[in-house]
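Here is the structure we will look at.
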Amino acid sequence: MLLRRNRVRGAASLAVLAGLMLIVAASRHVSAAPPQVTGISPRAVAPGGEQDIVLTGSQLAGASAMWTTFLPQPATLAPDVEKNGTDAARVTFHAAVPAEAPLGIHAMRVVTPGGVGIPVAMLVDDLPVVTEQAGNGQRESAQPLTLPCAVEGRVDSLSRDYYTFEAAAGQRIALEVFARRLGSPLDPSLFLYREDGRELAFADDTEGLSSDCQLQYTFEEAGRYIVEVRDIRYAGGGGHFYYLRVGDFPCVNVPYPLAVPREDGARVDFAGIGVTEASPMFVDAAGAAAPWLHVATRLPEGNARAFATVDVSNGAEFVESEPNNTSEQANRVAAGTSLNGRLVESGDVDCYRFAAKKGEGLRFVGQTRDVGSPTDLTMKILDAAGKQLAAVDDKGTEEGWLDFTAPAEGEYVLAVADLHRRGGDMHAYRVDVSPLNGDFELTADSNTLQIPAGGVATVTVNVTRRNYGGPIEVTLDGPAEGNPTVPTVIGPGMNSVVLTLQVPADAAPGTFATTTIQGRARIGDRDVVRTASVAGVVRGQWNQTVLVPSPVEQNLAYAVVPPAPLDLSVKPGSITLGPGLSTQFEVVARRGEGIDEAVALAVNPPKNGVPGNVTVEVKPVEKGKDAVTVVVKATDKAPLGRYTVVLTGTHKKGKATVTASTPGIELNLQPGLTAAITNPEAALQRGGELSVPVTVTRNPAYTGPVVVSLEKLPAGVTCENVTIAADQSTGTLLLKATGDAAAGALKDVVVKTVAEGNAAVTASVSLPAIEVK
């Protein structure tokens, strides 16, 4: 399935994050493992403020920097905390938040000489933040709040948290809980009561919010009111944190439109609850460094803002204009324009008319639930007579997509609706429309890597191909200087590759960077660049949240850590062979203390780690030895192209297991032989002879003699085979014609070259049209 961020055609890479480097000073408190953060206080910071941020967890000793998506530079240790940075379970950083820091969900990572931590959610919010107080587990002991505010709290098992506030008659209040969207396991529910315990409102699993909830309520009477927050199943514990916003703001789930064009300024409105009067935001996306922008809104008399992110597209974007409920009312758009709309009422259908030539192909991809809209999008394509030509609802758990090829030149209509005929202010959608030609999407299986000094770290990159089976070069974004990427290619027909990152032995532990993984391919006359998504990884780290915040959806971080006890290298790092040939390379093991047993080697991954009809005959690096020779063989049916192969070594001693990977090995599969004929530019006379020079180019994996012969010679014309010696690349064929040979051009004659003793290594080329006279 195509992924959200890459649905925006040609979106820029996260250059704003790439290349950020810092050195964490080594200390005697070096952690042996990457840091783990289990708590943040406060979790939210205000624009323009200064704040001490306390992190709790493990392996935090030696920490001296905290990277975030909202600070221009990493935060440093708070100076007034005794022995700060030496405690493995607690560290305090000081952050000076810029006034222009955008509101919304952000992320932080902490860095130590032991590595870099996974992303942990934070917020930038303009509401004043208070901390939950102990003893608020009963309605009678509800914690008083002064509105507007936000509360950072935690729910214990089988418990509830209560808060109370004063409201005036006619006052409007919004309540919103952030939990699962921040990676908490809490499945929150909200209850609003009168002081006497009568329930006024309830919210649970608000559509589009990844199990979180929000509500808006206008009070008829002045008085004291009570809010209850709990897990819907009464689960709780140390990790069940939440962030409760209370104030007068619109309950936003997505911006509208969901994407804006990079080249133009655009108006952004909002979809959600109580958004009718929400102020629009006007954005200029031309200078956007990332493929998204933070946006925010407020109500005319409101006291707090709501926030979201809007995608930035390099293509054309169209916003629907009502009425467009029927084919006759369809909005007219150019083919290839992406569509933004809102199903404003129950049963609403939005129609778009476009012209297409016969054979023209378009892909239509729905975008709703993965970005916060509750709409279960359906799409239908109709011809000019209203006949349905194609339709789609879901593709598993993802929104559907349609691949459509026009059967004839003419006009067609795309009809968009909700599967359950729902509608309202929340039901915004986007349909990404792009030409149905070669393309691809990338995902990576990790967003956090630790690279041992002098060693290698790996991340698997998977590709979903679309009408393109050729090579894709994979690298980290950023300049070549200092880039730890080992040259890596997803070869023709392959659907994954192991990307390896390598740093020199003198690299300082704690060196840290954030970046993205990019794939590049030349498809027809286009240079196509796609950025790998790590949304699936973030979901695993953040308790399966559906909504992955834009700042971390593609973000990869790596850090240099102390040398590992086992390193593997290869000589040479690039090998070439061809069908029917074999070659070899050497794997060298650098053994540290205690690494004295055999090191077993295996292709990574064991299945589909090399192209078809290619085998890597791995052997262990035996005990007492530091190297082994590995043979690579290709059958006569092996494909041609550039590939990358990675081996993993495993050392076992007692109960201890140590693994290491080789850098990516460049595997070039080229023809075993190629031949070129020099046209003699002369005729072959009857009864005479003619010399025809032949040049052969050998694959580096074959260095032997080459036999050259001619096939399909006509009667009366002969030529003896020629053997080109191993140390030669040229030879001469001698054509002979009898006196009664037929006059005319020699047609369909084939020059065949074969490796002596290996018939699988061969190449053929047509003989120039030589005249017999």
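Mapped onto mature numbering (1 follows the signal peptide of the UniProt record, and there is no 0), the consecutive letters of the sequence shown carry residue numbers -32 to -1, 1 to 741. A virtual CB, placed ideally from N, CA and C, is assigned to each residue, including glycine.
### Task
Compute the distance between the beta-carbons of G541 and A473, then report whether it is under 7 Å.
Walking along the sequence shown from the start, residue 541 turns up at place 573. Walking along the sequence shown from the start, residue 473 turns up at place 505. Result no, Cβ atoms of G541 and A473 do not sit closer than 7 Å.
### Environment of Y131 [buried if 16+ CB atoms lie within 10 Å]
The residue labelled residue 131 in the question sits at position 163 within the sequence shown. So Y131 ends up on the buried side.
### Query
Can you give the beta carbon distance from V516 to S414, rounded, assuming they're within the 8 Å contact cut?
Against the sequence shown, residue 516 aligns to sequence position 548. Against the sequence shown, residue 414 aligns to sequence position 446. No, V516 and S414 are not in contact; Cβ-Cβ is about 15 Å, not under 8 Å.
### Query
Is the beta carbon of A63 sitting closer than 7 Å to the one on D93?
For the purposes of this step, residue 63 is identified with residue 95 of the sequence shown, where counting begins at 1. For the purposes of this step, residue 93 is identified with residue 125 of the sequence shown, where counting begins at 1. No, these two residues do not count as a Cβ contact at 7 Å.
### Query
DSSP three-state call for G255: helix, strand or coil?
Here residue 255 corresponds to residue number 287 of the sequence shown, with the count starting at 1. Helix at G255.
#### Entry: Top-ranked residue by Cα proximity to R610, from V589, D604 and P455
Taking the sequence shown and counting its residues from 1, one reaches residue 610 at position 642. Of the listed residues, the one whose Cα sits closest to R610 is P455.
#### Entry: Runs of beta strand (DSSP E) wholly within the stretch 337 to 411 (minimum 3 residues, chain order)
345 to 350, 356 to 360, 369 to 373, 378 to 386 and 396 to 403
### Message
Given a cut-off of 7 Å on the beta-carbon distance, is the pair D535 and A628 in contact?
### Response
Position 567 of the sequence shown, counted from the start, is the residue given in the question as residue 535. Position 660 of the sequence shown, counted from the start, is the residue given in the question as residue 628. Against a cut-off of 7 Å, the Cβ pair of A628 and D535 comes out as a contact.
### Query
Just curious, the beta strand (DSSP E) that R58 is in, first and last residue?
Taking the sequence shown and counting its residues from 1, the one referred to as residue 58 is at position 90. Where R58 is concerned, the enclosing beta strand (DSSP E) stretches over R58 to A64.
### Query
How do the stretch 172 to 183 and the stretch 100 to 120 stand: do at least 3 beta-carbon pairs fall below 8 Å, yes or no?
no
### Query
When you compare only the Cα positions, how much space is there between A643 and K720?
In the sequence shown, counting from the first residue as 1, residue 643 sits at position 675. In the sequence shown, counting from the first residue as 1, residue 720 sits at position 752. Roughly 8 Å between the two C-alpha positions.
### Task
Determine, using beta carbons only, whether T432 and V466 come nearer to each other than 7 Å.
Residue numbering aside, residue 432 sits at position 464 when the sequence shown is read from its first letter. Residue numbering aside, residue 466 sits at position 498 when the sequence shown is read from its first letter. Not in contact: T432 and V466 (Cβ atoms no closer than 7 Å).
### Task
Express the C-alpha separation of K363 and G82 in angstroms, rounding to a whole number.
Residue 82 sits at position 114 when you count from the first residue of the sequence shown. Residue 363 sits at position 395 when you count from the first residue of the sequence shown. C-alpha separation (whole angstroms): 42 Å.
### Message
Between which residues of its own chain and G617 is the CB-CB distance below 6 Å, once the five residues before and five after are set aside?
### Response
Against the sequence shown, residue 617 aligns to sequence position 649. For G617, where only same-chain residues beyond five positions count, the Cβ hits under 6 Å are L536, V567, L569 and A628.
### Query
Apart from the five residues on each side of it in sequence, which residues of its chain come closer than 7 Å, Cβ to Cβ, to V49?
Position 81 of the sequence shown, counted from the start, is the residue given in the question as residue 49. Cβ neighbours of V49 beyond the five flanking positions: T60.
### Message
Using only CA atoms, which one of T483, F159, E441 and P439 lies nearest to P447?
### Response
Locating residue 447 in the sequence shown gives position 479, where the first residue counts as 1. Cα-wise, what sits closest to P447 is T483.
### Message
Check whether the stretch 219 to 233 and the stretch 254 to 264 are in contact - that is, three or more C-beta pairs closer than 8 Å.
### Response
yes
### Task
Evaluate R201 with the Cβ neighbour count: other Cβ atoms within 10 Å of its Cβ, from every protein chain shown; 16 or more gives buried, anything less gives exposed.
Along the sequence shown, read from residue 1 onward, the residue named residue 201 stands at position 233. So R201 ends up on the exposed side.
### Reference V528, options D180, T80 and G283, closest by Cα
Here residue 528 refers to the residue found at position 560 of the sequence shown. Ranking the options by Cα distance to V528, first place goes to T80.
### Message
Judging by CA-CA distance, which residue of F217, G215 and S247 is the nearest neighbour of Y224?
### Response
Within the sequence shown, the letter at position 256 stands for residue 224. Answer by Cα proximity: S247.
### Query
Is R148 helix, strand or coil by DSSP?
The sequence position of residue 148 within the sequence shown is 180, counting from 1. Helix.
### Query
Roughly how many whole angstroms lie between the Cα atoms of A303 and L382?
Taking the first residue of the sequence shown as position 1, residue 303 is located at position 335. Taking the first residue of the sequence shown as position 1, residue 382 is located at position 414. Taking the straight line from one Cα to the other gives about 11 Å.
### Message
Can you tell me whether E144 is buried or exposed? The criterion is at least 16 other CB atoms within 10 Å of its CB, across all chains shown.
### Response
In the sequence shown, the residue the question calls residue 144 occupies position 176. Per the 10 Å Cβ criterion, buried.
### Complete beta strand (DSSP E) runs within the stretch 419 to 449 (minimum length 3 residues, chain order)
424 to 434 and 440 to 444
### Message
Can you tell me whether S732 is buried or exposed? The criterion is at least 16 other CB atoms within 10 Å of its CB, across all chains shown.
### Response
The residue given as residue 732 occupies position 764 in the sequence shown. Burial call: exposed.
### Query
By the 10 Å Cβ neighbour count, where 16 or more other Cβ atoms means buried, how is H388 classified, buried or exposed?
Sequence index remark: in the sequence shown, residue 388 carries index 420 (1-based). With fewer than 16 other Cβ atoms within 10 Å, it is exposed.
### Query
Between the C-alpha atoms of V243 and A264, what's the straight-line distance to the nearest angstrom?
Taking the sequence shown and counting its residues from 1, one reaches residue 243 at position 275. Taking the sequence shown and counting its residues from 1, one reaches residue 264 at position 296. When rounded, the distance between both Cα atoms is 12 Å.
### Query
For the putative contact between A651 and K741, defined by C-beta atoms under 8 Å, what is the C-beta separation to the nearest angstrom?
The residue labelled residue 651 in the question sits at position 683 within the sequence shown. The residue labelled residue 741 in the question sits at position 773 within the sequence shown. Contact flag correct, Cβ pair sits at about 5 Å.
### Query
Which one or two residues does DSSP pair with V123 in a beta bridge?
If you number the sequence shown from 1, residue 123 lands on position 155. Note: V123 sits in no beta bridge, so no partner.
### Message
For D386 and G315, I'd like the C-alpha separation in whole angstroms.
### Response
Residue mapping note: residue 386 aligns to position 418 of the sequence shown, counting from 1. Residue mapping note: residue 315 aligns to position 347 of the sequence shown, counting from 1. C-alpha separation (whole angstroms): 8 Å.
### Task
Rounded to whole angstroms, what's the CA-CA distance from Q522 to P96? Just pull it up for me.
For the purposes of this step, residue 522 is identified with residue 554 of the sequence shown, where counting begins at 1. For the purposes of this step, residue 96 is identified with residue 128 of the sequence shown, where counting begins at 1. Approximately 30 Å, taken between the alpha carbons.
### Task
Enumerate in chain order the residues of its own chain whose CB-to-CB distance from L150 is below 6 Å, with the five nearest sequence positions on each side excluded.
Within the sequence shown, the letter at position 182 stands for residue 150. Excluding residues within five positions, the ones whose Cβ falls inside 6 Å are A89.
### Residue from Y193, R148 and L154 whose Cα sits closest to the Cα of R166
Mapped onto the sequence shown, residue 166 falls at position 198. Selected option, being the one with the closest Cα: Y193.
### Task
Would you decide whether G327 is buried or exposed? Buried here means 16 or more other CB atoms lie within 10 Å of its CB.
For the purposes of this step, residue 327 is identified with residue 359 of the sequence shown, where counting begins at 1. Counting Cβ neighbours within 10 Å, G327 comes out exposed, since fewer than 16 surround it.
### Message
I'd like to check one pair, E585 with V599: are the Cβ atoms closer than 7 Å?
### Response
On the sequence shown, residue 599 is found 631 positions in, with the first residue counted as 1. On the sequence shown, residue 585 is found 617 positions in, with the first residue counted as 1. A contact, by the Cβ cut-off of 7 Å.
### Query
Which term fits A683, buried or exposed, when burial requires 16 or more other beta carbons within 10 angstroms of its beta carbon?
Your numbering for residue 683 matches position 715 in the sequence shown. Answer is exposed; the Cβ neighbour count stays below 16.
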